[in-house]
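Be aware that the sequence shown starts at 37, since it is given in the working numbering, and climbs by one per residue. For every residue, glycine included, the Cβ atom is placed at its ideal position computed from N, Cα and C.
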Amino acid sequence: MDTTLFDDFLELVRELNFSRAAENRNLTQPAFSRRIKQLEAAIKTPLIHRTTRQVTLTAAGRAFQPRAEAIVRMLSEARLEALEAAGLAQRTLNLAATHALSYTFVPKWLMQIGGPSQIGALNMVSDTHRQGVRLLQNGEVSFFICHKKPNSAEDLPEKQFRCHPIGGDRLVPLCAPDESGRPLWRLGSAASQVPFIAYSSASGLHAILEAHGIGDGRRGLETKMNSVLASTNLEMAKEGQGVAFLPLSLAEQEMARGTLVRAGDPSLDVPVQLVIYRSRSRLSAHCEAFWLKVVSQDT
37 MDTTLFDDFL ELVRELNFSR AAENRNLTQP AFSRRIKQLE AAIKTPLIHR
87 TTRQVTLTAA GRAFQPRAEA IVRMLSEARL EALEAAGLAQ RTLNLAATHA
137 LSYTFVPKWL MQIGGPSQIG ALNMVSDTHR QGVRLLQNGE VSFFICHKKP
187 NSAEDLPEKQ FRCHPIGGDR LVPLCAPDES GRPLWRLGSA ASQVPFIAYS
237 SASGLHAILE AHGIGDGRRG LETKMNSVLA STNLEMAKEG QGVAFLPLSL
287 AEQEMARGTL VRAGDPSLDV PVQLVIYRSR SRLSAHCEAF WLKVVSQDT
C-alpha cells in the first residue's frame, strides 16, 4: 500500500473539505478523491461520508484515524532509526512555530537554550497554528511552539504528545492613536460598536480569544476584517482599521514608538502561555538532548 494515502486521509480529517485538503496536498480534487477511494478500497470499508453540504467520518473512519496517525509517526521514527543505525543521522532540529512567535520570541529563546554549536542545523517552519499541529502529528517536525491559554484543553492529545511551558505572553487590545496620542477607540466606552480586527480560524489566537469571550458582537466589538497572521493584524491596527488583540511579544516595540496604544486598561489583557509540544515517541539523540535542555530551563 502507498503509505502517503494515510497522509491524504489525515489531511481530509483535519479540513473536512476535499478542495482544501487537495490543495494542501498539492493535488487536484479529482486526483485527491481517487486516492481516498483507493485507501477505502484497501481498508475494505468507507471511511468518509460525503454529501453535497459536508464531509464527515464514518464510524470506521473515526476508529481508523488514531491508527493512521500512529502509522505516520512510526514511519517517521523508523526512518530516523535507520539513519542513526547507518551513522547518517544529522544534528538537525526540525521545529515549527506560529508566525507571531517565529519573528521575535523563538530566535531569542533558542539562543538562551544553546548557541549554534548546540542547536545544530535548524530547520524552522513559520506557519499557522493549524499547520503546525499537522506537521507535528505527521512527524514532519520534532517540536511545535505556540500560544496556549492557561488551564485550557491541550491542542494535541496528551497520550501522544508532551507539552512544556517555556514562557508567558499577553494579548493586548491595541489601536492607532489620534492626533493627541489617545486611542481612536476605547473598549467599554459609550461607543456602540468598536471595529474589531479578528483572527481567522486557522490561527490559534482565534480559539484563545473565543474561549475568553472576545469576538464579533461581544465586548462591543464588530468584526471588520480578519487575518491568520498577527503581523497583518498589527499593520491593520497601525493603519487605523480597528482594535486588535496582539501578542505583547510582537507589539511591544510599536507600543514604545507610540504607533500603537492601548484600547483598554490592562484588566482586558488576555494572559497566555508559550508552550512547546513534542511526540511522546523517542526522538533522535540530538533532539532528545535539546528537549532535556528545554525542560531544565526556568520559564
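Note that the C-beta distance between serine 315 and glutamine 196 is below 8 angstroms. Assignment of beta-bridge partners to valine 311 by DSSP yields Cys182, Pro201. The beta-bridge partner set that DSSP reports for histidine 85 consists of Thr92. Minimum Cα-Cα distance from proline 66 among the listed residues Pro302, Leu83, Lys80, Asp44 corresponds to Asp44.
Distances from the alpha-carbon of glutamate 324 to those of Ser178, Phe281, Gly249 put Ser178 closest.
For the 8 angstroms CB-CB criterion, cysteine 211 and valine 279 form a contact. Rounded to the nearest angstrom, the gap between the Cα atoms of isoleucine 312 and arginine 71 is 33 angstroms. Distance check between valine 169 and each of Ala266, Met261, Val49 places Val49 closest, using alpha-carbon atoms only.
For leucine 131, the enclosing beta strand (DSSP E) has its first and last residue at 128-134.
Taking a contact as a CB-CB distance under 8 angstroms, the pair alanine 247 and alanine 136 does not count as one, their CB atoms being some 17 angstroms apart. Secondary structure of proline 193 (DSSP, three-state): coil. Following the DSSP letters along the chain, one finds proline 302 in no beta strand (DSSP E), marked with neither H nor E. When DSSP assignments are scanned along the region 205-274, the uninterrupted stretches of alpha helix (DSSP H) that are 4 or more residues long and fall wholly within it turn out to be 240-247, 266-274. The alpha carbon of arginine 206 has as its nearest neighbour, out of Ser69, Phe281, Thr87, the alpha carbon of Phe281. Going by C-alpha positions, phenylalanine 68 is about 36 angstroms away from histidine 200. Between the region 96-106 and the region 143-152, the count of C-beta pairs closer than 8 angstroms stays below three; the two stretches do not touch. For methionine 110, the number of other beta carbons within 10 angstroms of its own is below 16, and it is reported as exposed. Taking histidine 85 as the centre and dropping the five residues before and after it, the same chain places the C-beta of Thr92, Thr94 closer than 6 angstroms to its C-beta, in chain order. In the structure shown, the three-state DSSP call for valine 306 is strand. Residues of the same chain with a CB within less than 6 angstroms of the CB of serine 236, apart from the 5 flanking positions on each side, are Asn262, Val264 in chain order.
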